[in-house]
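Numbering (full-length UniProt numbering), first residue to last: 1 to 289. Cβ atoms here follow ideal geometry from the backbone N, Cα and C, with glycine treated the same way. What follows is a short report on a single structure.
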């Protein structure tokens, strides 16, 4: 029996939606069925600007997508403060939910979303793309190689970019009423996710936040970091910032090897992703000049 393509509707025309809308349209097992914005004109412009199929339906209200019986799933790239409202509403309309990260402002909101999806029999997935990249599976295999990598000891994740004056003044990610988590939610999400991924999602015993994070005048985090400690002695650190040079680095150290990747979130090449694994390097192999 042939697999039926999942028909997606998109709620919102944010910049973050451009790449995923293209991926949905190009995939063999998904179909971009509808795009909704707060105005028909904005939705039409989004479809035209991104060269999406002419068959895509245009809606001027988010709720119209949820009421469309031909739509199976929705992608929600709205500001974080709107996630719980629209994710719950989508689940109650029996739509599967693909929710942009950060998925919620706190655990209570996330629990509401998950409970709505579970009680209505629909799937929930967050929009963290890198965990589904083929490279990620190969990296996990490398970390599990006792001969080459050994025992996990340290994880260090740094994600940042120099956002610039206009971003720091106007972007939704620095507005407390839209994305109150700031850099922690936008790119710290990737840091923490990569750490938990490397640690096989074992939660740390202790987390110590960085002293004196940087806030804007509205109290939104622009730069921050933390250290994480596990009972077995492994340690992780992360730093995320809207004020630094563009960096998407992950380093994982074991007793026998080290894994490094410098384009974690979005591989520099669309068709493939690379990483390095160095094994059994020690002072005995060094030749000082």
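Segment contact: the region 117-125 against the region 211-219, fewer than three CB-CB distances shorter than 8 Å; contact not assigned. Around the beta carbon of residue 40, fewer than 16 other beta carbons lie within 10 angstroms, which makes this residue exposed. Here residue 202 is exposed: its Cβ has fewer than 16 other Cβ atoms, across all protein chains shown, within 10 Å.
A residue is called buried when at least 16 other Cβ atoms come within 10 angstroms of its Cβ; residue 80 meets this threshold and is buried. Pairing residue 246 with residue 162 gives a Cβ-Cβ distance under 8 Å. Judged by DSSP in its simplified three-state form, residue 85 adopts helix. Taking C-alpha positions only, residue 136 is separated from residue 117 by approximately 27 Å. Counting of Cβ neighbours within 10 angstroms places residue 236 among the buried residues, the total reaching 16 or more. When the Cα atoms are used, residue 189 and residue 168 turn out to be separated by approximately 19 Å.
The Cβ atoms of residue 58 and residue 84 lie no closer than 8 Å to each other. Residue 142 and residue 19 have their C-alpha atoms some 29 Å from each other. For the 8 Å CB-CB criterion, residue 30 and residue 46 do not form a contact.
DSSP places residue 254 within a strand segment (E or B) once states are collapsed to three. Between residue 15 and residue 280, the alpha-carbon positions lie close to 44 Å from each other. With contacts defined by Cβ atoms closer than 8 Å, residue 144 and residue 256 do not form a contacting pair. When rounded, the separation of the alpha-carbon atoms in residue 244 and residue 120 is 43 Å. Beta-bridge annotation (DSSP): residue 241 is paired with 160 and 223. It is roughly 18 Å from the alpha-carbon of residue 275 to the alpha-carbon of residue 146. In the structure shown, residue 56 falls within a coil segment according to DSSP collapsed to helix, strand and coil. Boundaries of the beta strand (DSSP E) around residue 75: 73-76. Its chain contains 173, 174, 220, 221 and 222 as the residues whose beta carbon lies nearer than 7 Å to that of residue 182, once the 5 sequence neighbours on both sides are disregarded; these appear in chain order.
With contacts defined by Cβ atoms closer than 8 Å, residue 12 and residue 78 form a contacting pair.
By alpha-carbon distance to residue 108, the top candidate from 23, 88 and 74 is 88.
With a 10 Å radius around the Cβ and a threshold of 16 neighbouring Cβ atoms, residue 99 comes out buried. When the five nearest sequence neighbours on each side are left out, no beta carbon in the same chain lies closer than 6 Å to the beta carbon of residue 38.
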